[in-house]
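Okay, structure first, notes after.
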Amino acid sequence: MTWLHLLSWFFGGLFLMNAVPHVVSGATGRPFQSPFATPPGEGLSSSTVNMLWGLFNLAVAYGLICHVGAFDPRALPDAAATGLGMVAIGLFSARHFGRFHGGDVVETP
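Residue numbers 1 to 109, in full-length UniProt numbering, belong to the letters of the sequence shown in order.
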């Protein structure tokens with residue numbers, strides 16, 4: 001295993017986690033932000049666009065995780081690299097999209 005494998009698996013985790021909201025929005029028929037909206041990342045894209053974008057993200061994640069190096073989900077460094085990518089995009093998305101969906105609103109009593 002080289003650091004390039006770990007980097008690939010990190011980005012694989014990033015793409016894997018990014019696929020989740022787009023596939024879910026597409027499958028449930030709901031519009032959601034995407035890079036193809038106006039303005040990019042803020043406007044809403046159709047459920048079809050989100051499904052296609054989510055499936056593209058899944059394909060990229062598959063390529064980066066399964067076809068670069070010898071990924072072993074039971075090996076801590078391999079799983080940690082992928083998990084850190086998932087955490088990175090997950091936290092970014094929570095902060096970014098929380099502005100639009102009320103996820104970052106903290107109410108005080």
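Glycine included, C-beta positions come from ideal geometry on N, C-alpha and C.
Suppose you measure from the CA of P73 to the CA of F100; what does that come to, to the nearest Å? 35 Å
Residues that L44 bridges to, as DSSP identifies them: Q33
Nearest CA to the CA of F36: which residue from L91, T28, T48? T48
Quick check on the burial criterion: 16 or more other C-beta atoms within 10 angstroms. Buried or exposed for residue 113? Since the first residue of the chain shown is 1 and the last is 109, residue 113 is not available in this structure.
Specify the secondary structure class of P95 as computed by DSSP and reduced to three states. Before going further, note that residue 95 is Arg rather than Pro in the sequence given. Helix at R95.
As assigned by DSSP and simplified to three states, the class of V68: coil
Between Q33 and F92, is the Cβ-Cβ spacing less than 8 Å? no
Does the beta-carbon of G54 have 16 or more other beta-carbons within 10 angstroms, so that it is buried, or is it exposed? buried
In whole angstroms, what is the alpha-carbon distance linking G90 and T38? 22 Å
Just checking my contact of G13 with G85 at CB under 8 Å: how many whole Å lie between their CB atoms? 3 Å
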